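Peer 1: Provided herewith is a single structure, encoded as structure tokens, for subsequent inquiry.
There are 2 protein chains.
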Amino acid sequence: MQNQRIETGQNLLFLTDDQLRKGIEAMFFAYRGFTADPDRILSAQGYGRAHHRAIHFIHRSPGTTVNNLMSILGVTKQSLNRVLRTLIADGLVLSRVGDRDKRERHLTLTDAGAALERALSDAQRDRMRAAYRAAGPAAVAGFRRVLEAMMDDDLRRHYHALTERG
Amino acid sequence: MQNQRIETGQNLLFLTDDQLRKGIEAMFFAYRGFTADPDRILSAQGYGRAHHRAIHFIHRSPGTTVNNLMSILGVTKQSLNRVLRTLIADGLVLSRVGDRDKRERHLTLTDAGAALERALSDAQRDRMRAAYRAAGPAAVAGFRRVLEAMMDDDLRRHYHALTERG
DNA sequence: CTTGGAATGTCAACAAGGCTGACGTATTCT
DNA sequence: AGAATACGTCAGCCTTGTTGACATTCCAAG
Chain A
10 MQNQRIETGQ NLLFLTDDQL RKGIEAMFFA YRGFTADPDR ILSAQGYGRA
60 HHRAIHFIHR SPGTTVNNLM SILGVTKQSL NRVLRTLIAD GLVLSRVGDR
110 DKRERHLTLT DAGAALERAL SDAQRDRMRA AYRAAGPAAV AGFRRVLEAM
160 MDDDLRRHYH ALTERG
Chain B
10 MQNQRIETGQ NLLFLTDDQL RKGIEAMFFA YRGFTADPDR ILSAQGYGRA
60 HHRAIHFIHR SPGTTVNNLM SILGVTKQSL NRVLRTLIAD GLVLSRVGDR
110 DKRERHLTLT DAGAALERAL SDAQRDRMRA AYRAAGPAAV AGFRRVLEAM
160 MDDDLRRHYH ALTERG
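Taken in order, these protein sequences are the chains called A and B.
Heads up: the first sequence begins at 10 in my numbering, then just goes up one per residue.
Heads up: the second sequence begins at 10 in my numbering, then just goes up one per residue.
Shown next, in the form of structure tokens:
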């Protein structure tokens, strides 16, 4: 397994265990950087990463339901509810009863919520922009291709549902 | 900010907020896939991601000290110690007093620890290999370049220290 | 030799944020 | 009318992070 045989005409040395390990460790260290800046802002306000995720996806899909958010975030309604409760109580998120289906709650950001979202995504985008700029457009395309191939099928569907209409 | 101006001669459309957002969401969803397979193995054994990380880096740097592991993992000694204690008690990790400096503990995997490490990294590599294969060598190079640019400086040093000698 | 500081371990307490299970309520569908 | 759905909530448990305090062991400098 360590030295792959050439299966097709192209060089498959990039599939050696060593190359894969480097990718694994790169993901680990990069994800730390990826979350570092928002984490600082959040902890200063008494929030955590879970709040960030909720705020991000409510911003991306205004009026989304609790159920939909649950499936995007991959957490139980109890976990999500704990986060939403504080965000609603703090006036960052608004929950209004559905028109068609009154069982549903539609979630949107208030002005204060949108302001925090902006602060968080500005910080995260700054780092991402620096990384993109340093790596160049071709590298960015490859970056996204590998990440997409790494996702579970249901998460890839969520990813596409978000990006293809934004 | 939404529409970047052309700064150099090349097209900088890949630095738009929209492109950055897609990268951010890709990181989020991909990281879930990245950890999904090891997580299944771990929870079946009563362990968590923290145990995986400790086992991974002890495997990568046999004989490493607690201090070094702390700085790689970015957690406090108390957090790390709790994980190490269970791994040592379960016979997966061996802690032996240093020769030169007897205050230090040098950590290595036992045979059982190495077996679990193999199971975990096999699972994680399988997914990474599938993603690499689907994306192709050029994409993989870009993937690694962007991730590296995303790391904090001190983490990038750890990353290089690991990869440049393995 | 003594003492200061470094490396490690341990105890306690706490918080975030996952989880399961159970229950209640309103609403909608069949 | 009864089943299913969407949501909220309470209770309890787990992992994994945090601080703070304190003991031990050892190296190294004075």
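Every residue, glycine too, gets a C-beta built ideally from N, C-alpha and C.
Just so it is clear, the structure is predicted and the values come from calculations on it, not from any experiment.
#1: B:S88 bridges to which residues according to DSSP?
#2: With a threshold of 8 Å between beta carbons, is B:I15 in contact with chain A?
#3: Anything in the region 49-60 of chain A with a Cβ closer than 9 Å to a Cβ of chain B? List those residues in chain order, please.
#4: Anything in chain B within Cβ reach of A:T73, meaning under 8 Å, just list it in chain order.
#5: 8 Å is my cut-off, CB to CB: does B:I67 come that close to chain A?
#6: Could you check where the beta strand (DSSP E) with A:R105 kicks off and where it finishes?
#7: What separation, rounded to the nearest whole angstrom, lies between the Cα atoms of A:D27 and B:F37?
#8: Check each candidate in B:L51, B:E34, B:L89 and name the one with the smallest Cα separation from B:R127.
#9: Relative to the C-alpha of A:A45, which residue among A:A144, A:R136, A:L171 is closest?
#10: Which ranges does the alpha helix (DSSP H) cover as unbroken runs of at least 4 residues, wholly within the region 101-150 of chain A, from first to last along the chain?
#11: Just to confirm my understanding: we take B:L103, look at its own chain, exclude 5 residues before and 5 after, and list those with CB closer than 6 Å. What are they?
#12: What first and last residue would you give for the alpha helix (DSSP H) that runs through A:E34?
#13: List the endpoints of the continuous alpha helix (DSSP H) containing B:M160.
#14: Can you round the beta-carbon distance between B:R30 and A:L164 to whole angstroms, since I take them to be within the 8 Å contact cut?
#15: Please list, in chain order, all residues of the same chain as A:A170 whose beta carbon is under 6 Å from its beta carbon, the five residues on each side excluded.
#16: Relative to the C-alpha of A:L78, which residue among A:F66, A:S88, A:Q87 is closest?
#17: When burial is assigned at 16 or more other CB atoms within 10 Å of the CB, is A:M159 buried or exposed?
#18: Quick one: is B:R105 buried, meaning 16 or more other Cβ sit within 10 Å of its Cβ, or exposed?
#19: Along the chain, where does the alpha helix (DSSP H) that runs through A:S80 open and close?
#20: Just checking: is the beta-carbon of A:A63 within a distance shorter than 8 Å of some beta-carbon in chain B?
#21: Please confirm whether A:G42 has its beta-carbon closer than 8 Å to some beta-carbon of chain B.
#22: Give, in chain order, every residue of the region 138-161 of chain A whose Cβ lies closer than 9 Å to some Cβ of chain B.
#23: Figure out for me which residue from B:G145, B:A59, B:N20, B:G100 has the closest Cα to the Cα of A:N20.
#24: Excluding the 5 residues preceding and the 5 following A:V149 in the sequence, name in chain order all residues of the same chain whose CB lies nearer than 7 Å to its CB.
#25: Does B:L21 come out as helix, strand or coil in the three-state DSSP assignment?
#26: What is the DSSP secondary structure of A:Y168, reduced to helix, strand or coil?
#27: Answer yes or no: does any C-beta atom of chain B fall closer than 8 Å to that of A:T172?
#28: Please report the straight-line C-alpha distance between A:G32 and B:A123, rounded to a whole angstrom.
#29: Which residues in chain B have a C-beta closer than 7 Å to the C-beta of A:Q133? List them in chain order.
#30: Select from B:D110, B:R138, B:S130 the residue whose C-alpha is nearest the C-alpha of B:N76.
#31: Closer than 8 Å between beta carbons: that is the criterion. Which residues of the region 78-89 of chain B meet it against chain A?
#32: Could you check whether the Cβ of B:D26 sits closer than 8 Å to any Cβ belonging to chain A?
Peer 2: Reading from the atomic positions:
#1: Mapped onto the second sequence, residue 88 of chain B falls at position 79. In the DSSP output, where bridge partners are listed per residue, B:S88 has none listed.
#2: The residue labelled residue 15 of chain B in the question sits at position 6 within the second sequence. Reliability fails at B:I15, whose pLDDT of 43 lies under 50, so the model's placement of it is uncertain and the value that follows must be treated cautiously. Not an interface residue.
#3: none
#4: What you label residue 73 of chain A is simply residue 64 of the first sequence in a count that begins at 1. What A:T73 touches in chain B: nothing, since even the nearest Cβ is about 15 Å away.
#5: Taking the first residue of the second sequence as position 1, residue 67 of chain B is located at position 58. By this cut-off, B:I67 is not an interface position.
#6: What you label residue 105 of chain A is simply residue 96 of the first sequence in a count that begins at 1. Segment 102-106, the beta strand (DSSP E) holding A:R105.
#7: Here residue 27 of chain A refers to the residue found at position 18 of the first sequence. Here residue 37 of chain B refers to the residue found at position 28 of the second sequence. So the alpha carbons of these two residues sit roughly 24 Å apart.
#8: Taking the second sequence and counting its residues from 1, one reaches residue 127 of chain B at position 118. Residue B:L51 is the option with its Cα nearest to B:R127.
#9: Residue 45 of chain A sits at position 36 when you count from the first residue of the first sequence. The shortest Cα separation from A:A45 among A:A144, A:R136, A:L171 belongs to A:R136.
#10: 120-144
#11: For the purposes of this step, residue 103 of chain B is identified with residue 94 of the second sequence, where counting begins at 1. Once the five neighbours on either side are set aside, the close Cβ partners of B:L103 are T117, T119.
#12: On the first sequence, residue 34 of chain A is found 25 positions in, with the first residue counted as 1. Taken as a continuous stretch (DSSP letters only), the alpha helix (DSSP H) holding A:E34 covers 26-53.
#13: Here residue 160 of chain B refers to the residue found at position 151 when the second sequence is read from its first residue. Premise fails: B:M160 is in no alpha helix (DSSP H) and is neither H nor E.
#14: Your numbering for residue 30 of chain B matches position 21 in the second sequence. Your numbering for residue 164 of chain A matches position 155 in the first sequence. Contact flag wrong, Cβ pair sits at about 16 Å.
#15: On the first sequence, position 161 is the one that residue 170 of chain A refers to. The answer is none, since no qualifying residue turns up.
#16: The residue labelled residue 78 of chain A in the question sits at position 69 within the first sequence. Of A:F66, A:S88, A:Q87, the residue nearest in Cα terms is A:F66.
#17: Counting from 1 along the first sequence, the entry for residue 159 of chain A is found at position 150. By the beta-carbon neighbour count (other beta carbons within 10 angstroms, threshold 16), A:M159 is buried.
#18: Residue mapping note: residue 105 of chain B aligns to position 96 of the second sequence, counting from 1. So B:R105 ends up on the exposed side.
#19: Within the first sequence, residue 80 of chain A is the residue found at index 71, counting from 1. Element bounds for A:S80: 75-82.
#20: Residue 63 of chain A sits at position 54 when you count from the first residue of the first sequence. Chain B, which has no Cβ nearer than 8 Å to the Cβ of A:A63, makes this no.
#21: For this step, residue 42 of chain A is matched to residue 33 along the first sequence. Interface residue, yes.
#22: The region 138-161 of chain A vs chain B, Cβ under 9 Å: R138, A139, A140, Y141, R142, A143, A144, G145, P146, A147, A148, V149, A150, G151, F152, R153, R154, V155, L156, E157, A158, M159, M160, D161.
#23: For this step, residue 20 of chain A is matched to residue 11 along the first sequence. Looking at the Cα atoms, B:G145 is the closest of the given residues.
#24: Position 140 of the first sequence, counted from the first residue, corresponds to residue 149 of chain A. Excluding residues within five positions, the ones whose Cβ falls inside 7 Å are Y141.
#25: For the purposes of this step, residue 21 of chain B is identified with residue 12 of the second sequence, where counting begins at 1. In this structure, B:L21 counts as coil in the three-state DSSP scheme.
#26: Taking the first residue of the first sequence as position 1, residue 168 of chain A is located at position 159. A:Y168: helix per DSSP, three-state reduction.
#27: Working through the first sequence from its first residue, we reach residue 172 of chain A at position 163. Yes, A:T172 counts as interfacial toward chain B.
#28: One-based indexing of the first sequence puts residue 32 of chain A at position 23. One-based indexing of the second sequence puts residue 123 of chain B at position 114. About 20 Å.
#29: Sequence index remark: in the first sequence, residue 133 of chain A carries index 124 (1-based). Within 7 Å Cβ-Cβ: I33.
#30: As a position in the second sequence, residue 76 of chain B is number 67, starting the count at 1. Closest option to B:N76, Cα to Cα, is B:D110.
#31: G83
#32: On the second sequence, residue 26 of chain B is found 17 positions in, with the first residue counted as 1. Chain A contact via Cβ: present.
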